[in-house]
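Trainee:
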Amino acid sequence: MKRISIALCLVVAACGGEDDSEPVAWKDMSFEQRYEFMEEVVTPQMAETFAAFDPKFEGMSCPTCHGAGATDGSYAMPSAQIPPLPGTPEAFLEYAMDPEIGRWSTWMYETVVPQMADLLQVARFDPTTETGEFSCGNCHTLQAVEP
Ligand code: HEC
Ligand code: HEC
């Protein structure tokens, strides 16, 4: 297989040697590498997960998570175009009393957060041990806490 690859290299002259390089962890990736990883790995897998929850996400892409950041090219997160979440545990519990919000939140907590953390190879925030970092706030903005 390798010899065929080398032969192909000579023919198409388009080999950057990337096939042989070590995979780079998300935290060490350049912006360009992150872009590519989002496009080739994260989006196809998350689109499948989202569409299984709600068919409206069939064929979802960058703007579903990045909102305006997908248009201006910054891809900054969290995104102001995803519904913001209440910023205190008390306010969140009240918000999640709504059955539909509760259903979404449970799915986000049990499925979206762990899968996304795994894809990015970062530890998900675990509320029982208060360890890890990846959580709701990596995608959703949190409402400011009233004094
Ligand atoms: C399921 C949600 C989701 C989708 C879909 C998604 N992204 Fe992301 N993306 C994220 C999250 C979350 C982060 C931030 C990760 C972190 O906290 O480090 C991110 C980060 C990035 C970054 C790095 C930004 C930086 O400042 O380093 C780039 C670039 C990016 N995404 C591009 C894309 C592109 C291009 C697409 C579509 C092909 C896409 N993303 C689709 C959730 C998503
Ligand atoms: C990888 C990014 C990502 C993470 C992490 C994430 N969410 Fe979401 N969430 C989204 C996106 C994208 C939507 C909006 C989809 C749409 O366009 O309808 C959403 C929608 C929701 C909604 C529905 C809001 C509404 O008004 O329709 C709730 C509730 C929610 N998320 C709660 C949570 C909670 C709670 C967590 C953490 C346990 C969490 N989310 C983590 C991306 C994320």
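Every number in our numbering is 116 more than the matching position in the sequence shown, counting from 1. No residue lacks a Cβ here, since even glycine has one placed at the ideal position from N, Cα and C. Values in this document were obtained by computation on a predicted structure and should not be read as measured data.
(1) With hydrogens ignored, establish whether the beta-carbon of Leu201 is closer than 7 Å to any heavy atom of ligand 2.
(2) Please report the straight-line C-alpha distance between Glu174 and Thr244, rounded to a whole angstrom.
(3) Measuring CA to CA, which of His256, Val261, Ala260 is closest to Ala192?
(4) Secondary structure at Thr222, three-state DSSP: helix, strand or coil?
(5) Starting from the C-beta of Thr180, find all residues in its chain whose C-beta is less than 6 Å away, skip the five residues before and the five after it, and write them out in chain order.
(6) Within the same chain, show all residues whose beta-carbon is closer than 8 Å to that of Gln149, passing over the 5 residues directly before and after it, in chain order.
(7) By how many angstroms is the C-alpha of Val261 removed from the C-alpha of Thr165?
(8) Report the rounded CA-to-CA distance for Ala186 versus Cys178, giving the unit in angstroms.
(9) Please state if the CB of Ala239 and the CB of Gly253 are separated by a distance shorter than 8 Å.
(10) Verify whether the separation of the beta carbon atoms of Met232 and Phe250 is less than 8 Å.
Mentor: Looking at the atomic coordinates:
(1) yes
(2) 34 Å
(3) His256
(4) helix
(5) Contacts found: none.
(6) Val140
(7) 32 Å
(8) One C-alpha to the other measures close to 6 Å.
(9) no
(10) yes
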